[in-house]
Amino acid sequence: DQQVKQNSPSLSVQEGRISILNCDYTNSMFDYFLWYKKYPAEGPTFLISISSIKDKNEDGRFTVFLNKSAKHLSLHIVPSQPGDSAVYFCAASFQGAQKLVFGQGTRLTINP
Amino acid sequence: NAGVMQNPRHLVRRRGQEARLRCSPMKGHSHVYWYRQLPEEGLKFMVYLQKENIIDESGMPKERFSAEFPKEGPSILRIQQVVRGDSAAYFCASSPLKGNTEAFFGQGTRLTVV
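Protein chains in written order, with our numbering: chain Z, 1 to 112; chain V, 113 to 226.
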């Protein structure tokens, strides 16, 4: 039962353009969402998060949008840079549970 | 402030041996989580611990796996009688507070069972 889904295993974007990574969830109890970035042979690194009381959170080049009615969130990276090439994981949690439920990840490649 | 420290980074075990994975959380963090990542998959929650207490072990296999976070020292994930299917990357994360907050991950231990 995959409660958090990232349906695109990979995404290729030209340097300087916008990268949009998508994530869908099925459990309406989730109230906190996070994006992590992961390089090979390293642990995930926290990027940005959003609470379910908001629909947008922005931090520099990264913006996360949350559409609760569609149970969908997206991560926008603009402008994309070569160092952004990594695997991006969407994760969700809900109050009292602490644990994170991760999607399968999307491999983002930024082409020069 | 050092990050979450995991050791060893790589561990090779023969089938039937025991594997011990260690995790030292970030300074000031009292919540520790263990996740497992199988090849080409996302991270799967295994267990959540606070000092001397297992809070949620709903993701732990019922047999051969155990975890502890003693009053002193690192958290330990122990796998007895390893099998090939245990080969994976095991990540530890820590957080400072209860409630919704980001967790900080270590670099992981890559376990290979031969």
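For every residue, glycine included, the Cβ atom is placed at its ideal position computed from N, Cα and C.
Contacts with chain Z at 9 Å (Cβ-Cβ) include valine 116/V.
Contact between asparagine 22/Z and glutamine 6/Z holds: CB atoms are separated by about 7 Å, below the 8 Å threshold. Using a Cβ-Cβ cut-off of 7 Å, glutamate 153/V is close to Gln104 of chain Z, given in chain order.
When Cβ-Cβ separations below 9 Å define contact, alanine 41/Z makes contact with chain V. Leucine 34/Z has Ser49/Z, Ala91/Z as its beta-bridge partners, per DSSP. For phenylalanine 177/V and serine 199/V, the gap between their C-alpha atoms comes out near 13 Å. In this structure, DSSP gives arginine 132/V an extended state, which the three-state scheme calls strand. Separation of asparagine 165/V and arginine 132/V (C-alpha to C-alpha, rounded to the nearest whole angstrom) is 19 Å. Alanine 205/V: member of the beta strand (DSSP E) spanning 200-207, first to last residue. Taking a Cβ-Cβ cut-off of 9 Å, the neighbours of phenylalanine 217/V in chain Z comprise Tyr36, Lys38, Glu42, Gly43, Pro44, Thr45, Phe46, given in sequence order.
When secondary structure is reduced to three states using DSSP, aspartate 55/Z falls in the coil class, being assigned neither helix nor strand. Taking 9 Å as the threshold, the shortest C-beta distance from phenylalanine 65/Z to chain V does not fall below it. Tyrosine 39/Z sits exposed, since fewer than 16 C-beta atoms from the chains shown fall within 10 Å of its C-beta. Identification of residues in the segment 67-97 of chain Z having a C-beta nearer than 7 Å to some C-beta of chain V yields Phe89, Ser93, Gln95, given in sequence order. For leucine 11/Z, the closest Cβ of chain V is not nearer than 9 Å.
Shown here for serine 8/Z: same chain residues with a beta carbon closer than 8 Å to its own, the five before and five after excluded, namely Leu21, Asn22, Thr106 in chain order.
For the segment 173-200 of chain V, no residue has a beta-carbon sitting nearer than 9 Å to a beta-carbon of chain Z.
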